[in-house]
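For the record, in the sequence shown the residue sitting at position 110 is 110 according to the UniProt record's numbering, with numbers rising by one throughout.
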Amino acid sequence: MTRFFNEGELEQVATASLRAEEMVYNYFKLSSSQWLKNRYDIKTARDLAPHERVEGPFAQVLKYEGRRQDFSLGSSAFSLYHICIQDPAIVSFVAKTPKICLAPFLLYILIHELVHVVRFLRFEHRYENACEAEVTLEEEKKVHGITYDIIAPKAVSGISQVFEFYEKWY
């Protein structure tokens, strides 16, 4: 049976989301006008459409085309990214890996996915290339490195165990 986040875990997701947004915002020195409000949404598995659920990864970023309701012209379109958190994979992994705590793991995952979104929005990596295996592997290494650079200077309880898990990516 698929297990989604419970109420307490969802509170940890909300806390990690706020902290991740602040850390990414500060790292990239984004102004308020540059910040990603209304350009991305974070969703947990319970709220994902069937095509947004995947086996394996802890999260994925999907790109959609957004458009203001009062405009029908193509020029009013914008990219909208969904960060799709895969609760079942995360819950299962944390249950099988006692040295990894949920809160720092969620923080790492959310920062990692927000870094992808920033890189897509800045055209530092094209979303359209995200399905090409060789490009994706190289991009994942870059994003893991940036994620490490964002978190490492901060005092985050339990993060060293998460870094150990991801160390092959740096």
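From the three backbone atoms N, C-alpha and C, an ideal C-beta is built for every residue, glycine too.
Coil, strand or helix - residue i by DSSP
{"i": "Lys168", "result": "helix"}
{"i": "Leu30", "result": "coil"}
{"i": "Ala155", "result": "coil"}
{"i": "Asn129", "result": "Model confidence at Asn129 stands at a pLDDT of 47, short of 50, so the residue's coordinates are unreliable; what they give is reported in the following sentence. Here Asn129 sits in helix by DSSP."}
{"i": "Leu18", "result": "helix"}
{"i": "Leu48", "result": "coil"}
{"i": "Ile100", "result": "coil"}
{"i": "Val117", "result": "helix"}
{"i": "Ser9", "result": "Reading off the sequence shown, one finds Glu at residue 9, where the question assumed Ser. It is helical."}
{"i": "Val54", "result": "coil"}
Residue range of the unbroken beta strand (DSSP E) whose run includes residue i
{"i": "Val61", "result": "59-67"}
C-alpha distance - residue i paired with residue j, whole-angstrom precision
{"i": "Ile150", "j": "Glu164", "result": "16 angstroms"}
{"i": "Lys141", "j": "Val118", "result": "15 angstroms"}
{"i": "Glu55", "j": "His116", "result": "20 angstroms"}
{"i": "Leu106", "j": "Ser17", "result": "8 angstroms"}
{"i": "Arg39", "j": "Leu102", "result": "26 angstroms"}
{"i": "Gly8", "j": "Leu62", "result": "26 angstroms"}
{"i": "Asn26", "j": "Ser32", "result": "11 angstroms"}
{"i": "Gly158", "j": "Ala77", "result": "41 angstroms"}
{"i": "Leu137", "j": "Val143", "result": "10 angstroms"}
{"i": "Thr147", "j": "Tyr64", "result": "24 angstroms"}
{"i": "Phe93", "j": "Gly66", "result": "33 angstroms"}
{"i": "His51", "j": "Leu10", "result": "22 angstroms"}
{"i": "Lys154", "j": "His112", "result": "15 angstroms"}
{"i": "Lys29", "j": "Phe120", "result": "16 angstroms"}
Spatial neighbours of residue i in its chain, beta-carbon cut-off 6 angstroms, leaving aside the 5 residues before and after
{"i": "Ala89", "result": "Phe58"}
{"i": "Tyr108", "result": "Val162"}
{"i": "Thr2", "result": "Pro88"}
{"i": "Val156", "result": "Pro104"}
{"i": "Thr97", "result": "none"}
Bridge partners - residue i, DSSP secondary structure assignment
{"i": "residue 201", "result": "Absent from the structure is residue 201, since the part of the chain shown begins at 1 and ends at 170."}
{"i": "Ala77", "result": "Arg67"}
First and last residue of the uninterrupted alpha helix (DSSP H) at residue i
{"i": "Lys141", "result": "133-151"}
{"i": "Thr2", "result": "Where Thr2 is concerned, there is no enclosing alpha helix (DSSP H), given that its DSSP letter is neither H nor E."}
{"i": "Arg122", "result": "Unbroken run through Arg122: none, as it is neither H nor E."}
{"i": "Ile90", "result": "87-96"}
8 angstroms CB neighbourhood of residue i in its chain, flanking five on each side removed
{"i": "Asp41", "result": "Leu80, Tyr81, His82, Ile83"}
Short CB-CB distance (under 8 angstroms) between residue i and chain B
{"i": "Glu138", "result": "Checking the listed chains, one finds no chain B in this structure; it contains a single protein chain."}
Cβ-based neighbour list, residue i, same chain, cut-off 7 angstroms, excluding 5 preceding and 5 following
{"i": "Gln60", "result": "Val54, Cys84"}
{"i": "Ala45", "result": "Phe4, Arg53, Ile85, Gln86, Asp87, Pro88"}
{"i": "Gln12", "result": "Leu102, Ala103, Leu106"}
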